[in-house]
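Structure record follows, encoded as structure tokens.
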Amino acid sequence: MTSLRAKFHFVSDSLDAKTTIVKVLTIQLEGEDTIFQFPKEYQRKEDHPKLFDTSVVKNVVKSMKTRGKFRNIWVSLADELKDQYLDEEGNVCFDGIYLDEAPVNPNPALPKFSQSEPVENKSIHSVVKDMILDKFSGKNQNAKDDILLGLDAIKKFKLCQDENLKISQKHDEHFELRNQNKINTTTINVKTNSKTSLDCLLDNHKTVFAEHKYDIGTVKNYEATVKLTKNKYIARKPYKCSLQDKEEIDTQIKSLLKAGLIEHSTSPYASPITLVFKKEEGKKSRLCIDYSELNKIVVPECYPFPIIDDLVLLARDCSLFTKLDINSAFWSIPLREKDKQKTAFITHNGHWQWSCLPFGLKSAPAIFQRILSDVISKSDLNAFAINYIDDILIFSKNITDHLSHIDKTLTALKNAGFKLNLKKCSFAKESVVYLGHEIGENLIRPLNDNLVAIRKFPIPQNQKNIRQLLGKINFYLKYIPNASIILEPFHNLLRKNVQFEWSQKCEDSFNKIKQYLSSEPILAIFDPTLPIYIFTDASKEGVGAILKQPQKDNSLKPVFYFSKKLTQSQKNKRAIFLECLAIKESILYW
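Numbered per UniProt numbering, the sequence shown spans residues 1 to 590.
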């Protein structure tokens, strides 16, 4: 057993060599049928430097940048690779972690139409895709025809190619390697006995996890209402769409009807429907109802959403985090009977209305936030759990408390009638991504993927570009020292009757912002029991301050930044006045 097979997947566009990311999904030893999958935490290229340093992988990866997104290759195992991927007895593992078997066969037989599934019952899209695979793939030994497929066709039908550029298999059928009904805790960094306890705990609560997309819970003792500012019927015509989109809409309507989420309607209301691209599925599959006209007369629901700064204070000194995601959250909330007609929507061949809270209503997020927050509060979970709409974060200081907190939260959600989306849940992590930030023990940092968009933002050419840039930056202002002062040239360009001119000041501010957000900014979490140190600064442009606190290693770490622009009269004051002003304003702010 000296060879392994690793399946690679390109996350981004295969034509973009600069941003393409390669992942290692599976491994199979030569002469054996069992295929093992790498946990998602160990699929990155950076986790396999020795593998990617081999000549065969270098050559294949280089060709993959223009030849497709999926590839099976064989690599001879040198001694250093054996140490990483095999134990002493030759069993598959990765750095001492034994891998689970892949729940899907990476080389399935080509799809064929059975007697019970005639061709005419399949969509045109499915028929064409299966025809291409059956006639022109390398798996079909009798196929003598050659076919030239453009990249647009390969992308549209989710096809992939092997090393010889033969059409091999459908990419989308094997993208998800995780068993929906199996909870994988092999990558959780806790002691073995605690991991076993977590396995048992989650297995005891397995009924709270949805088995499929339309396995939606029904919340008890709550219902959503849709109130209007005036009695006005909103009736619009259906949007035009392609034949392929119509087939997808019809398929989803049947599933929603079967699940009891929608029903036939004779309502005087009718909002149009459309399909938008869904990143996880790589196609236009997200059903969206255009409630824009209805929303103009919907009474808003007023309920506060948690602020990230308040959340991290609750999680101070916590070292373990679990994130839960409710499956199709809004659909879990029943809709008041007399309000169902207001949610009616129209398609190319039908008129329907929701029996539950639909996505797209402007009051829906606040309604759901109110209900789930009430469930958490009444279940006495506030000390260790918080929700932002359908995302629930559990935080604890040790594994014993964390297991207890998970158990109480899952029990409360199950009793309330919610179902969770297992694929989007994370258990007992040392850090977790939440609300666009990465939260860990006594630290918070911006999500790197979001910073990339700022660092790659081109030089603004007009006011619209300035607003787009500020929209991206404002979310992470607290990580930028003297942010108000640095951004002042941008705000000046947005004033009325000001001609757009990209000056050197704008260029300097633009580069300074990118520099700050490229240095992996990290903030410590405020602790009221620790000493507080405030460092201030003042100039003719504005005042700024940094609040720091000592950490366990006795180093001073920034906790908060503050900045404020000066008025014209303040700019004329002496330096000593401005220094005192900086102290006063920062203390009042905090």
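Beta carbons are placed, not taken as given, at the ideal position from N, Cα and C, and that holds for glycine.
Alpha-carbon spacing of L581 relative to K478, whole angstroms: Each residue's alpha carbon lies about 20 Å from the other.
Same chain, Cβ closer than 8 Å to L556, neighbours up to 5 away in sequence not counted: These residues qualify, in order along the chain: Y533, K548, Q549 and P550.
Just verifying my parser: in three-state terms, what is the DSSP assignment at L556? Shown here, L556 sits in a strand according to DSSP, grouped into three states.
Beta-ladder partner(s) of W590, from DSSP: Its beta-bridge partners do not exist; DSSP assigns none.
Do you know how far the Cα of A366 is from the Cα of Y388? So the two alpha carbons sit approximately 10 Å from each other.
For G471, the first and last residue of its enclosing alpha helix (DSSP H): For G471, the enclosing alpha helix (DSSP H) covers residues Q463 to I473.
Quick one, which of P489, Y291 and R286 has its alpha-carbon nearest V226's? Ranked by Cα distance from V226, the options P489, Y291 and R286 are led by Y291.
Sequence-distant residues of the same chain with beta carbon closer than 6 Å to K514, five excluded per side: Within the same chain, K514 has close Cβ partners R455.
Identify which residue in V543, L357 and L198 has its Cα closest to the Cα of E585. Nearest option by C-alpha distance: V543.
Just curious, the alpha helix (DSSP H) that A428 is in, first and last residue? Taken as a continuous stretch (DSSP letters only), A428 belongs to no alpha helix (DSSP H), being part of the beta strand (DSSP E) at S426 to K429.
Nonlocal neighbours in the same chain, by C-beta distance under 6 Å from L287, ignoring five residues either side: Here the set comprises Q252.
Closest residue to I466 among I486, L494 and E46 (Cα-Cα distance): Closest by alpha carbon: L494.
Taking a contact to mean a Cβ-Cβ separation below 8 Å, would you say K323 touches V498 in this structure? Not closer than 8 Å, so no.
Apart from the five residues just before and just after T274, which ones in its own chain have a Cβ nearer than 6 Å to its Cβ? Within the same chain, T274 has close Cβ partners Y239 and C288.
Classify F209 as helix, strand or coil using the three-state DSSP reduction. For F209, the secondary structure class from DSSP, reduced to helix, strand or coil, is strand.
Secondary structure of V24, DSSP reduced to three states: The answer is strand: DSSP assigns V24 an E or B state.
DSSP on S404, reduced to helix/strand/coil? Note: S404 maps to helix in three-state DSSP.
Kindly confirm or deny that the region 324–338 and the region 205–225 touch, where touching means at least three C-beta pairs closer than 8 Å. The region 324–338 is in contact with the region 205–225.
Of all Cβ atoms in chain B, is any one closer than 8 Å to the Cβ of K296? Looking for chain B here will not work: only one protein chain is present.
Q549: first and last residue of the uninterrupted alpha helix (DSSP H) it sits in: That residue, Q549, is in no alpha helix (DSSP H); its beta strand (DSSP E) goes G542 to P550.
Within 10 angstroms of its Cβ, does L578 collect 16 or more other Cβ (buried), or is it exposed? Here L578 is buried. Its C-beta has 16 or more other C-beta atoms within 10 Å.
Please report how far the alpha carbon of G360 lies from the alpha carbon of N421, in whole angstroms. Spanning the two alpha carbons is a distance of roughly 20 Å.
Could you give the C-beta distance for S267 and A344, rounded to a whole number, given that I count them as a contact under 8 Å? Yes, they are in contact, since the Cβ atoms of S267 and A344 sit about 4 Å apart, within 8 Å.
For K40, does the three-state DSSP call read helix, strand or coil? Reduced to three states, the DSSP call for K40 is helix.
Which one of P531, L517 and L99 has the shortest CA to CA distance from F457? Nearest to F457 by C-alpha distance, out of P531, L517 and L99, is L517.
What ranges does the beta strand (DSSP E) occupy inside the region 194–273, keeping only unbroken runs of at least 3 residues that lie completely in it? The region 194–273 contains, as complete beta strand (DSSP E) runs of 3+ residues, the segments 262–264 (chain order).
Can you name, in chain order, every residue of its own chain whose Cβ lies under 8 Å from the Cβ of D33, other than the five neighbours on each side? Contacts found: none.
I'd like to check one pair, F526 with L313: are the Cβ atoms closer than 8 Å? Yes, they are a contact pair.
Helix, strand or coil: how does DSSP classify N415 here? Three-state DSSP puts N415 in a helix.
Alpha carbon to alpha carbon, how far is C302 from N231? Give it in angstroms, no decimals. Computed Cα separation, rounded: 21 Å.
Measuring alpha carbon to alpha carbon, tell me which of E247, T411 and D508 ends up nearest D380. Measuring from the Cα of D380, the nearest candidate turns out to be T411.
With DSSP collapsed to three states, give me the class of N492. Look at N492 here: in three-state DSSP terms it is helix.
CA-CA distance, E507 and P304? Near 38 Å, if we compare the C-alpha coordinates of P304 and E507.
Pull the bridge partners of G360 from the DSSP assignment, please. Answer is none; G360 lacks a bridge partner.
Alpha-carbon to alpha-carbon, I234 and Y269: Going by the C-alpha atoms only, they are around 5 Å apart.
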